[in-house]
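Protein chains: 2
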Amino acid sequence: MKETLKEYNELVDEELKKYLKVQDENSRIVYEAMQYSIFAGGKRLRPVLLMATHELFNDKHSEALPFAAAIEMIHTYSLIHDDLPAMDNDDYRRGKLTNHKVFGEGIAILAGDGLLNKAYELLLTEIVEAQDPTLPAKAAKTIGDAAGVKGMIGGQVADIISENQEISAKDLDYIHAHKTGALIEAAMVSGAIISGAQPKDIANIRRVGKNLGLAFQIKDDILDIIGDEKQLGKQIGSDEAKEKSTYPKLYGLDACKKMIQELTEESNEILDYYLPKSDFLKKLNNYLMDREN
Amino acid sequence: MKETLKEYNELVDEELKKYLKVQDENSRIVYEAMQYSIFAGGKRLRPVLLMATHELFNDKHSEALPFAAAIEMIHTYSLIHDDLPAMDNDDYRRGKLTNHKVFGEGIAILAGDGLLNKAYELLLTEIVEAQDPTLPAKAAKTIGDAAGVKGMIGGQVADIISENQEISAKDLDYIHAHKTGALIEAAMVSGAIISGAQPKDIANIRRVGKNLGLAFQIKDDILDIIGDEKQLGKQIGSDEAKEKSTYPKLYGLDACKKMIQELTEESNEILDYYLPKSDFLKKLNNYLMDREN
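Protein chains in written order, with the numbering used here: chain A, 324 to 616; chain B, 324 to 616.
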């Protein structure tokens, strides 16, 4: 699995480098700020899921790569803005100083804006240059809807206003499904769309994406309680300190581990239809749930 | 002229309302924050330019409207982020409290992000639903490129890092052409593209858009020195207080007035080719240069 993961990561990193080259000395600093956070050691989960899903139905890597780069840019912009003092106020992410700690708040805000906009420049270029823009346009719209106020941003808003408050299980579901889940699901669904997959297969992939997104977030919550700070690259207990509602707080650790197991099993059952091509995705699915960071 | 301007504004406002309805109680506050700044009394310059340019070549209003709404969303997001304490730190805009003064910094950042993303959701919907997506895709890409680090964001970055510094005429040109000019030019060019205008006409429109953007910015600089605070809805002298470089500071007031006149005349000469349909654009062009706010 590690070999394949490394291959995907290298492809995605090359693609990201291509789009983030300094194009202008007058605004060099914002390119550097964008590069800093993009290459700060992220797991590349969303682009890898997009590429691996695409590969279930289609061998042409190259057509999925710009979409993989775009979704990583959107994810990274959301982290930069999320870390700002007015939001989560985090000084470190993955053991490195956060963007605003290095570049200042003003440039960090603009670097986030720049990455979000760059993602769409890239998607629109793919659409304009495609011989048949139908699938690229649909895939881009899937990503755009997931990133917006109906998706990720909506989740961030609900997360902010629920801080220091007791919230219901329903509200917590909303936050997780939107803040993290929407973009993970969109990564897999858009990968399937670009590949030319059939509606039935896209529906299957959507189910896997939903499960994986939720299980991933529950695992994150668990690691913030019982994780190893060195492996995580950040302090644990930050949810508790901010009085954030989490799945373990609401359901207890054992129930959460069981939820992850059930979600993972259901995903693997669906992925079994696509063996042997889904071998990597199954391993990735299992690995994500057993991870220590 | 005022009748036509009012008609365009009403069309654009209706369109904007459609896209900014509260869709979700969990994130109601961000919709309210987005609506607040969108309906805070802006001039609607960019959408009106887009609609009026489109109308030079094509009578179907409706196909240009979503693009007009999208460009106003992008403009408004940039104002919300620009007003933040980490950027220009402005408490008032057009006589009303800025977004973060009403909703707090966290929600203001997300409302800006939400508007930027919503603009692209809307553009991508137009592309996906078009019978022939060629022109909508090209128009959307024109807007996207102008909004990004190669355009507006690049200008904002150069503006921030040049504060409290003496800068050259070349650097000031860069800031103005990118921070304000790029999106104004893109409004007119994308309007022409959607209309199906010929390359020669698009080149003419690009020239007018460039002139208009620059003249508009020089006029803004002048009003910040000799404008009437009541009519402007904001304190004058803010550029001076922030030690910002401006055209009047660099060239003097008289030279600036002359520049505006020359730019406006050149634009009007080009627009003369398109009479009588360009009558409104010519009047708007003249009005913008004589405006008091």
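The C-beta atom is built at its ideal place from N, Cα and C for all residues, glycine as well.
Keep in mind it's a predicted model, so treat the numbers as computed, not measured.
For residue i, the nearest candidate out of the options (CA to CA)
| i | options | result |
| --- | --- | --- |
| Leu420 of chain A | A:His501, A:Leu402 and A:Tyr597 | A:Leu402 |
| Ser491 of chain A | A:Ser568, A:Leu433, A:Met582 and A:Leu339 | A:Ser568 |
| Asn534 of chain A | A:Ile528, A:Glu566, A:Gln554 and A:Leu586 | A:Leu586 |
| Gly477 of chain A | A:Ala463, A:Asp494, A:Lys464 and A:Lys461 | A:Asp494 |
| Ile352 of chain B | A:Lys366, A:Tyr400 and A:Asp482 | A:Asp482 |
| His398 of chain B | B:Gly427, B:Ala453, B:Gly418 and B:Lys502 | B:Lys502 |
| Leu379 of chain A | A:Met396, A:Leu594 and A:Ala500 | A:Leu594 |
| Ala578 of chain A | A:Tyr596, A:Glu508, A:Asp544 and A:Lys553 | A:Asp544 |
| Glu552 of chain A | A:Gly437, A:Tyr415 and A:Lys606 | A:Tyr415 |
| Asp496 of chain B | B:Thr327, B:Leu328 and B:Tyr574 | B:Tyr574 |
| Tyr597 of chain A | A:Ala564, A:Ile528, A:Asn609 and A:Leu607 | A:Ile528 |
| Tyr400 of chain A | A:Val451, A:Ala363 and A:Gln521 | A:Ala363 |
| Ile386 of chain A | A:Ser561, A:Glu588, A:Gly435 and A:Gln454 | Note that residue 386 of chain A is Glu in the sequence shown, not Ile. When only C-alpha atoms are compared, the closest one is A:Gln454. |
| Ala356 of chain B | B:Gln584, B:Lys424 and B:Asn332 | B:Lys424 |
The alpha helix (DSSP H) enclosing residue i, as first and last residue numbers
| i | result |
| --- | --- |
| Met410 of chain B | Segment: none, Met410 of chain B is in no alpha helix (DSSP H) and carries neither H nor E. |
| Gln358 of chain A | Arg351 to Ile361 |
| Gln554 of chain B | Glu552 to Leu555 |
| Val451 of chain B | Glu428 to Glu452 |
| Glu615 of chain A | Where Glu615 of chain A is concerned, there is no enclosing alpha helix (DSSP H), given that its DSSP letter is neither H nor E. |
| Tyr342 of chain A | Lys325 to Tyr342 |
| Ser502 of chain B | According to the sequence provided, residue 502 of chain B is Lys. The question's Ser does not apply to it. Careful: Lys502 of chain B lies outside any alpha helix (DSSP H) and carries neither H nor E. |
| Asn381 of chain B | First-last for Asn381 of chain B: undefined, no H or E at that position. |
| Arg277 of chain B | This structure leaves residue 277 of chain B out entirely; chain B is present only between 324 and 616. |
| Ser485 of chain B | Met475 to Ser485 |
| Ile562 of chain A | Correcting the residue type first, residue 562 of chain A is Asp in the shown sequence and not Ile. Start and end: Ser561 to Ala564. |
CB contact flag (residue i, residue j, <8 Å)
| i | j | result |
| --- | --- | --- |
| Ile498 of chain A | Leu458 of chain A | no |
| Ile466 of chain A | Ala515 of chain A | no |
| Ser360 of chain A | Asn412 of chain A | no |
| Gln358 of chain B | Lys473 of chain A | no |
| Asn487 of chain A | Glu566 of chain A | yes |
| Ile541 of chain B | Gly550 of chain B | no |
| Leu407 of chain B | Ala442 of chain B | no |
| Glu338 of chain B | Leu373 of chain B | no |
| Met324 of chain A | Phe539 of chain A | no |
| Gly418 of chain A | Lys557 of chain A | yes |
| Gly437 of chain A | Gly471 of chain B | yes |
| Ile450 of chain A | Ile450 of chain B | yes |
| Leu445 of chain B | Tyr342 of chain B | yes |
| Ala500 of chain A | Arg369 of chain A | no |
| Gly532 of chain B | Glu563 of chain B | no |
Inter-residue spacing [alpha-carbon to alpha-carbon] between residue i and residue j
| i | j | result |
| --- | --- | --- |
| Gly504 of chain B | Ala469 of chain B | 9 Å |
| Leu611 of chain B | Ile548 of chain A | 59 Å |
| Lys590 of chain A | Arg530 of chain A | The sequence given here has Ser at residue 590 of chain A, not Lys. C-alpha separation (whole angstroms): 7 Å. |
| Leu617 of chain B | Gly536 of chain B | Since the first residue shown for chain B is 324 and the last is 616, residue 617 of chain B is missing from the structure and cannot be characterised. |
| Lys581 of chain B | Glu330 of chain B | 32 Å |
| Gly365 of chain A | Leu334 of chain A | 14 Å |
| Ala526 of chain A | Val371 of chain B | 42 Å |
| Lys344 of chain B | Ala460 of chain A | 24 Å |
| Ala391 of chain A | Ala463 of chain A | 11 Å |
| Ser350 of chain B | Lys340 of chain B | 17 Å |
| Leu506 of chain B | Ala375 of chain B | 15 Å |
| Lys572 of chain A | Leu433 of chain B | 27 Å |
| Asn348 of chain B | Tyr354 of chain B | According to the sequence displayed, residue 348 of chain B carries Glu and not Asn. C-alpha separation (whole angstroms): 10 Å. |
| Met475 of chain A | Met396 of chain A | 14 Å |
| Asp336 of chain A | Arg614 of chain A | 22 Å |
| Lys523 of chain B | Asn381 of chain B | 16 Å |
| Phe426 of chain B | Gln479 of chain B | 23 Å |
| Ala584 of chain B | Gly519 of chain B | Note that residue 584 of chain B corresponds to Gln in the displayed sequence, not to Ala. Computed Cα separation, rounded: 31 Å. |
| Glu588 of chain B | Gly435 of chain A | 39 Å |
| Leu628 of chain B | Leu607 of chain B | A query on residue 628 of chain B cannot be resolved here, the shown segment of chain B reaching from 324 to 616 and no further. |
| Thr327 of chain A | Ser561 of chain A | 33 Å |
| Arg367 of chain B | Lys600 of chain B | 20 Å |
| His404 of chain A | Met410 of chain B | 14 Å |
7 Å Cβ cut-off: residues of chain D touching residue i
| i | result |
| --- | --- |
| Glu428 of chain B | Absent from the structure: chain D. Protein chains present are A and B. |
The region 487 to 518 of chain A: positions lying closer than 9 Å to chain B by Cβ: Asp494, Tyr497, Ile498 and His501
Contact list for the region 336 to 364 of chain B against chain A, Cβ threshold 8 Å: Gln346, Asp347, Asn349, Ser350, Ile352, Val353, Tyr354 and Met357
Near-chain A residues of the region 455 to 469 of chain B - C-beta to any C-beta below 7 Å: Pro456, Ala460, Lys461, Ala463, Lys464, Gly467 and Asp468
Interface positions of the region 404 to 424 of chain B facing chain A (Cβ-Cβ less than 7 Å), listed along the chain: His404, Leu407, Ala409 and Met410
Contacting positions in the region 432 to 447 of chain A - beta carbon closer than 7 Å to chain B: Ile432, Leu433, Asp436, Gly437, Leu439, Asn440, Lys441, Tyr443, Glu444 and Leu447
Contacting positions in the region 378 to 406 of chain A - beta carbon closer than 7 Å to chain B: His404
Where the region 473 to 485 of chain A meets chain B: residues whose CB sits under 7 Å from a CB there: Within the region 473 to 485 of chain A, the qualifying residues are Lys473, Ile476, Gly477, Gln479, Val480, Ala481, Ile483 and Ile484.
Residues of the region 544 to 562 of chain A whose Cβ lies closer than 9 Å to any Cβ of chain B, in chain order: none
Contact residues within the region 522 to 543 of chain B, judged by C-beta distance below 9 Å to chain A: none
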